[in-house]
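Residue numbers (the numbering used here), protein chains in the order written: chain G, 6 to 311; chain S, 2 to 386. What follows is a single structure, written as structure tokens, with notes after it.
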Ligand SMILES: Nc1ncnc2c1ncn2[C@@H]1O[C@H](COP(=O)(O)OP(=O)(O)O)[C@@H](O)[C@H]1O
Ligand SMILES: [Mg+2]
């Protein structure tokens, strides 16, 4: 019958595009991850779980996970915390709020590749503003801090090229770049907090800003926070451009900044090892999927006050 | 004893002035209603009293102390908001505990999780107090629910409960019933009035509904355009309005106003009708004659001083029927309250005759102020009343 097939014409185009654009690439990546395919080769060998085995046993990939998780667990809390703090401060000022918003949002809009040059200058061991500023503190009370005294004696760290500092420096830049975005999300969340709740809290005896924050602001920002945290997690897992800009070769001093996205890029594009690249991609997607499911679960469980 | 006193309160937002010199003394334990049309500044006045808004000028005195510089949390007032403003993430129990926790517990006692351990005794006392209040309001079974899981009426009670758990100097209520359905609203009127009688605390109640003001209050203040037009007991305001705007606002259906004029002897007349009482001040000119629907009735054709007209609309309320009658050649409409028995016969388009109850008419001058009219000893118009 003619009419029985009509529904395919309605859902067909959308379904087709969804499969081709969204699902197929993932499926292909999944399939490739079980092979040793490289671009240009006529065929590929099926290698089973070998790629995954490498990821979870070799020390390079151990470093990859180490760098990624260090980055993520510094950037997420700090950029969320600073974003919230900045949003609360901006929300409480009457004047210049828009100016502050623009300034804090600038790093988000600026291309990181371009900003990387500025940071590279700032962190330069001899002409950089960071270390020259630190050196001025020498001789003052700051020397009672042993780390600082050590820096004065032996020279301050080479922020970007010391393997003990590189990942934290990159994470710092990640926070600098990301908190403005979270601030904007929190500002949007703050506008939807009913003003009457603050009045009710005041009438109930919430005299300090902390009481009002605990009683009204923080709970009402719950849905925003879940979203902001998830987005920050995903964005930090995806960090790539800073690493590529600072360390085009090899992922930083002794691979201490060898984050996942960079590993995928290096393996799959630079070294043309599609199989292993695809396998890292699948692991990456699994993390993101897990985070998204967590978010949905939390949202449904707790923060909806219907 | 005066519990709360507002003197010369003015408030303007930018260039728009919202309150123009409000003076109001609220007695201890009284139920005072601020009533007026939307946008007249009732909420603003209440919020100034609460301290949520600062007056542009004027003084707020609570219990003999000027509190202009005292923050809302320290004024010991409780407020019920129109939107209830319950904390949506807390259960009713926690909502009602909040004012007690914030006032009675130290900082350590308020810590999440650890607080209830440190201050166990106080917590038990607070929960006990909340349960007692919940019992009075009959929401004991709802204590574990969140506001989102409650109906409008239950939320309203929870908000009332949160205000009631401590012993405030006064309850401030901003249109607390306006989000309820009609039947519940009428039910809650009597319940709130009963609550007031049992608590014996001052209530300051804001509403735009004149029926709520008439039914619940000890005194009502009719506000319009940022001024209190009249302050008095409901029956005084209803029967003896001093301003045409008060007369129009209070009473449903609205008072009938007929255009008239005052003759040289002070008698107000409108067409055939001449009032039997004369104005004491010798004002001459056009006036408005106000007649409430319940002071009009149907009469036989040919009755002297009757107004005739066609029935243009009939509202049947069951116990009463309101007939809208087009009089004075269709230029005016009178609403007449008749009993169902009387009204049965009257149908659309029919000509009826309406007579007033003597001695009830209210006369307002051109400036809207009520004119004092008295039964004069001498007069050249025959006395009818
Ligand atoms: N924060 C504000 N800023 C500017 N105008 C306001 C503000 N609050 C109230 N108004 C104005 O004041 C007038 C009185 O408001 P309100 O007291 O809320 O009236 P209501 O009698 O309906 O409660 C209204 O015209 C309103 O637009
Ligand atoms: Mg209002």
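Note that CB positions come from ideal geometry on N, CA and C, so glycine has one too. The model shown is predicted, which means the values in this text are computed figures rather than measured ones.
Could you tell me whether the Cβ of residue i comes closer than 8 angstroms to any Cβ of chain S?
{"i": "residue 214 of chain G", "result": "no"}
{"i": "residue 210 of chain G", "result": "yes"}
{"i": "residue 207 of chain G", "result": "yes"}
{"i": "residue 226 of chain G", "result": "no"}
{"i": "residue 306 of chain G", "result": "no"}
{"i": "residue 220 of chain G", "result": "yes"}
{"i": "residue 204 of chain G", "result": "yes"}
By how many angstroms is the C-alpha of residue j removed from the C-alpha of residue i?
{"i": "residue 223 of chain G", "j": "residue 158 of chain G", "result": "45 angstroms"}
{"i": "residue 27 of chain S", "j": "residue 85 of chain S", "result": "24 angstroms"}
{"i": "residue 273 of chain G", "j": "residue 49 of chain G", "result": "14 angstroms"}
{"i": "residue 345 of chain S", "j": "residue 97 of chain S", "result": "53 angstroms"}
{"i": "residue 238 of chain G", "j": "residue 107 of chain S", "result": "37 angstroms"}
{"i": "residue 162 of chain S", "j": "residue 94 of chain S", "result": "10 angstroms"}
{"i": "residue 294 of chain G", "j": "residue 271 of chain G", "result": "23 angstroms"}
{"i": "residue 251 of chain G", "j": "residue 143 of chain G", "result": "29 angstroms"}
{"i": "residue 277 of chain S", "j": "residue 360 of chain S", "result": "8 angstroms"}
{"i": "residue 209 of chain G", "j": "residue 99 of chain S", "result": "7 angstroms"}
{"i": "residue 224 of chain S", "j": "residue 52 of chain S", "result": "20 angstroms"}
{"i": "residue 262 of chain S", "j": "residue 290 of chain S", "result": "9 angstroms"}
{"i": "residue 30 of chain G", "j": "residue 37 of chain G", "result": "10 angstroms"}
{"i": "residue 31 of chain S", "j": "residue 219 of chain S", "result": "6 angstroms"}
{"i": "residue 1 of chain S", "j": "residue 168 of chain S", "result": "Residue coverage of chain S in this structure runs from 2 to 386, which leaves residue 1 of chain S outside it and unanswerable."}
{"i": "residue 160 of chain S", "j": "residue 162 of chain G", "result": "59 angstroms"}
{"i": "residue 329 of chain G", "j": "residue 125 of chain G", "result": "A question about residue 329 of chain G goes unanswered here, because the residues of chain G that appear run from 6 up to 311."}
{"i": "residue 203 of chain S", "j": "residue 78 of chain S", "result": "10 angstroms"}
{"i": "residue 184 of chain G", "j": "residue 220 of chain G", "result": "24 angstroms"}
{"i": "residue 25 of chain S", "j": "residue 230 of chain S", "result": "12 angstroms"}
{"i": "residue 178 of chain S", "j": "residue 171 of chain S", "result": "18 angstroms"}
{"i": "residue 271 of chain S", "j": "residue 288 of chain S", "result": "9 angstroms"}
{"i": "residue 125 of chain S", "j": "residue 102 of chain S", "result": "11 angstroms"}
{"i": "residue 22 of chain G", "j": "residue 40 of chain G", "result": "27 angstroms"}
Using a Cβ-Cβ distance cut-off of 8 angstroms, determine whether residue i contacts chain G.
{"i": "residue 250 of chain S", "result": "no"}
{"i": "residue 53 of chain S", "result": "yes"}
{"i": "residue 382 of chain S", "result": "Because the pLDDT of residue 382 of chain S is 45, which lies under 50, any placement of that residue in the model is unreliable, and the number read from its coordinates should be weighed accordingly. No, residue 382 of chain S lies away from the interface with chain G (no Cβ there is under 8 angstroms from its Cβ)."}
{"i": "residue 39 of chain S", "result": "no"}
{"i": "residue 84 of chain S", "result": "yes"}
{"i": "residue 88 of chain S", "result": "yes"}
{"i": "residue 211 of chain S", "result": "no"}
Given that a residue counts as buried once 16 or more other Cβ atoms are within 10 Å of its Cβ, and exposed if not, what is residue i?
{"i": "residue 375 of chain S", "result": "exposed"}
{"i": "residue 165 of chain S", "result": "buried"}
{"i": "residue 261 of chain G", "result": "buried"}
{"i": "residue 209 of chain S", "result": "buried"}
{"i": "residue 216 of chain G", "result": "buried"}
{"i": "residue 15 of chain S", "result": "exposed"}
{"i": "residue 213 of chain G", "result": "exposed"}
{"i": "residue 194 of chain G", "result": "buried"}
{"i": "residue 20 of chain S", "result": "buried"}
{"i": "residue 302 of chain S", "result": "exposed"}
{"i": "residue 20 of chain G", "result": "exposed"}
{"i": "residue 114 of chain G", "result": "exposed"}
{"i": "residue 368 of chain S", "result": "exposed"}
{"i": "residue 175 of chain S", "result": "buried"}
{"i": "residue 257 of chain S", "result": "buried"}
May I ask you to list the residues that DSSP assigns as paired with residue i?
{"i": "residue 25 of chain G", "result": "DSSP output for residue 25 of chain G lists no bridge partner at all."}
{"i": "residue 271 of chain S", "result": "S:274"}
{"i": "residue 279 of chain S", "result": "S:268, S:375"}
{"i": "residue 36 of chain S", "result": "S:208, S:223"}
{"i": "residue 323 of chain S", "result": "S:316, S:338"}
{"i": "residue 328 of chain S", "result": "S:333"}
{"i": "residue 231 of chain S", "result": "S:223"}
{"i": "residue 240 of chain S", "result": "The partner list for residue 240 of chain S (beta bridge, DSSP) is empty, contrary to what the question assumes."}
{"i": "residue 260 of chain S", "result": "S:289"}
Measure from the C-beta of residue i to each C-beta in chain B and report whether the shortest distance is under 8 angstroms.
{"i": "residue 249 of chain G", "result": "You won't find chain B in this structure, because its protein chains are G and S."}
Q | Under 8 angstroms (Cβ pairs) to chain S, residues found in the stretch 173 to 201 of chain G | A | 199, 201
- Item | Against chain G: residues of the stretch 91 to 114 of chain S by CB proximity under 7 angstroms | 99, 100, 103, 104
Discussion item. Any C-beta of chain G within less than 8 angstroms: which residues of the stretch 135 to 155 of chain S qualify?
Written reply: 147, 148, 149
Scan the stretch 7 to 19 of chain G for residues whose Cβ lies nearer than 8 angstroms to a Cβ of chain S and list them as they occur along the chain.
none
Q.
So if I threshold CB-CB distances at 8 angstroms, which residues from the stretch 57 to 81 of chain S count as touching chain G?
A. 72, 73, 74, 75, 78, 79, 80
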